[in-house]
Amino acid sequence: MSSSPTAMTEIRSPERSTPGSPPPALPRLLAGIRPHGAMALEEHLALHGPLPLGRGGRRRQLRERAAMLIDEIERAGLLGRGGAAFPTATKMRAVADARGRAIVVANAAEGEPASLKDRTLLETLPHLVLDGAVIAAEAVGADEVIVCVCETAGQSVEAVEHAIAERSRSSELAAGSPKVRLATVPSHYVAGQESALVNYINGGAAKPTFTPPMPFEEGVKRRPTLVDNVETLAHVALIARHGAPWFRELGIPTQPGSTLITLCGPVTHPGVYEIEHGASLASLIEASGGTTARVRAALFGGYAGAWVGGDRLHGVALSKEHLAPHGATLGAGIVLLLSEEACPVAETARVARWMAGQSARQCGPCIHGLDALASTVEEIVGGIAHPKAMKRLEQLASLTARRGACAHPDGAVNLLLSAVEVFSSEFADHARHGPCESCSRRPELPLPERPVEDAGSRKARRA
Ligand code: SF4
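Sequential numbering from 255 applies to the sequence shown in our numbering.
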């Protein structure tokens, strides 16, 4: 990345008198996080208590326990943390009810350049994620868990490998547990999409496939497959221990609990923070040590998200409900601030070109539409655009969105249209007068330093 947020290290381990007692208000997921390295199994169990699973029993007992787990997740109101905010219990129930032995995929592909929360979680607290994956496996009747980590996230890969080895040496954890293994996936924006992950694990390319069948019906090895983000699974691990009422003590009724946010941009300590849903943007910025420059706008939800202008940020709260009137969502928990010093049109052109390069090149409107959109923005930045370039952007956007096999073009178009709306005067100035002084400044929005050409087409290495 050109500007990498760092993992938050200020959070201190809470004082505990009894192992496994419920974590205080916050931090929950990040309780006990160390400045460096992963929490060892022994320390993890001392902090959170034993894995709350019943072992063995007759088939009917197993089914009853599984149903109770899913009911508890439903009562907690847990929504997925991978970006779509889909109800976790609904997804689990669909897999549990499908025919055949299920498989759980823990998704840490994290192809979004502005997000660091999944790798932070795995690097620091791998056992919390593995607990959640094993509990989810019990809930859906799976005998196998595959943890998918981005191949460029070396520390996450090491931490997961080490954690799997630690658990295999624990007679208490190994007995009756599903088989857990690691798969590294290409660093590509669409590689973390559910059907792309399933296709990759099955030996194909890490590219989205046409659905149906959905992974819950026919996924890895053609078995019902639960694909859940790793942060979602970490919440499952805590809900199974402390219950739905505890989970709902934080957050708002429509979005209970806490969530991880990657905060980047002009703040003293960019990084990963745990907040409760509905917390104010101002409190997040304050926790990061405050801004280091005047803020022009904030991007919520990453590169498939939406901008909110600086004049509208006062009073903004971080939840689906509170961001909806601004046309934004938290997506995978991303808040990106842009300073007054940056050129929003040049930044949009860079991101639009990168997003065009991330097309899996399977659907015509996605390949050609995103490329044409990026070229038009580049022409606007350079002051060489056709006088009707702004109109052309709108036309291209409507020809590109909702015409792909996955949501990639929709997200890219969403971001572009939001930039055109929020930075309308800057776009008009560039179209008339060409580059501004800020165009040549060091870019602020994070992008991978070297584009990963066609990484999605590589075959599975470790699946
Ligand atoms: S819409 Fe784009 S990214 Fe999605 S499957 Fe089609 S070509 Fe690939």
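Ideal Cβ positions, reconstructed from N, Cα and C, are used throughout, including at glycine.
For residue i, which residues does DSSP report across the bridge?
i	result
P510	G505
D482	A360
K433	E398
C404	V439
P341	L333
C660	C660 pairs with nothing; no bridge assigned.
L553	W561 and L590
Y527	I515
A571	S534
T374	DSSP lists no partner for T374.
V521	T545
Sorted by chain position, which residues of the same chain lie with C-beta nearer than 7 Å to residue i's C-beta, five sequence neighbours on each side aside?
i	result
F681	V599, I634, M644 and V674
V484	A360, N361, A362, D372, L375, L376 and V383
A498	E326, R329 and A330
A428	R421 and S422
C693	C597, A600 and V635
G658	C617, P619 and C620
H687	G637
Which residue's Cα is closest to the Cα of residue i: the options?
i	options	result
T479	K461, I455 and A494	I455
A396	L535, A352 and T342	A352
E328	G336, C620 and K345	K345
V667	K642, W608, D482 and K574	W608
H302	L316, R313, G286 and R314	G286
I400	V388, V358, A390 and T406	V358
A341	V481, A300 and S425	For clarity, residue 341 is Pro in the given sequence; the question names Ala instead. It is V481.
C660	C617, A407 and R477	C617
A343	K642, L487, Q649 and E648	L487
A460	S441, P469, A596 and E471	S441
G505	V490, S613, V631 and H531	H531
S672	V403, A582, P380 and T546	A582
S422	C402, R314 and V388	V388
L299	L280, H640, P380 and V631	P380
V403	G446, L627, L592 and E503	G446
L650	G637, S629, A491 and T465	S629
S678	R695, V631 and R657	V631
E364	P304, S410, E398 and D385	S410
R282	E575, A407, P641 and F501	F501
E448	H580, R435, M293 and P466	P466
Y225	P641, R695, S613 and D625	Any property of residue 225 remains undetermined from this structure, which presents the chain solely from 255 to 717.
R476	G354, E691, E648 and P689	G354
A407	P432, T378, A419 and E297	T378
A294	I418, M322 and Q315	I418
In chain order, what residues of the same chain lie with their CB nearer than 8 Å to the CB of residue i, ignoring the 5 residues before and after it?
i	result
S369	T516, G556, A586, G587 and I588
A533	A571 and L572
G543	V521, T522 and H523
L535	A552, L567, V570, A571, L572 and V589
A320	A350, E392, A393, V394 and G395
I538	Here the sequence assigns Leu to residue 538, which means Ile is not the residue at that position. Around L538: I515, L517, Y527, I529, L572 and V589.
R604	P697, L699 and L701
L777	Given a span of 255 to 717 for the chain in the structure shown, any question on residue 777 remains unanswerable.
H230	There is no way to answer for residue 230, as the model of the chain reaches only from 255 to 717.
L627	A606, A610, L647, L650, A651, T654, A666, V667 and L670
Within a Cβ cutoff of 6 Å, which residues of the same chain sit near residue i, ignoring the five residues on either side of it in sequence?
i	result
L553	G559, W561 and L590
G473	V452 and T479
L669	Y557
T654	P619, G623, P663 and V667
G564	V549, R550 and A551
E594	R548 and R550
H684	V599, I634 and V635
H489	L332
L307	E392
E707	With a pLDDT of only 41 at E707, under the threshold of 50, the placement of this residue in the model should not be trusted; the figure read from the coordinates follows. Excluding sequence neighbours, E707 sits near nothing in its chain.
G337	G585 and A586
A494	P306 and I389
Say whether chain D places a C-beta atom closer than 8 Å to the C-beta of residue i.
i	result
G636	You won't find chain D in this structure, because it holds only one protein chain.
(Q) Tell me whether the stretch 576–590 and the stretch 515–530 touch, counting them as touching only if at least three CB pairs, one residue from each stretch, are closer than 8 Å. (A) Counting Cβ pairs under 8 Å, three or more are found: they touch.
Q: Flag this pair as touching only if the stretch 455–464 and the stretch 403–415 have three or more C-beta atom pairs under 8 Å; answer yes or no.
A: no
Q. Counting pairs of beta carbons, one from the stretch 323–338 and one from the stretch 498–514, are three or more of them closer than 8 Å?
A. yes
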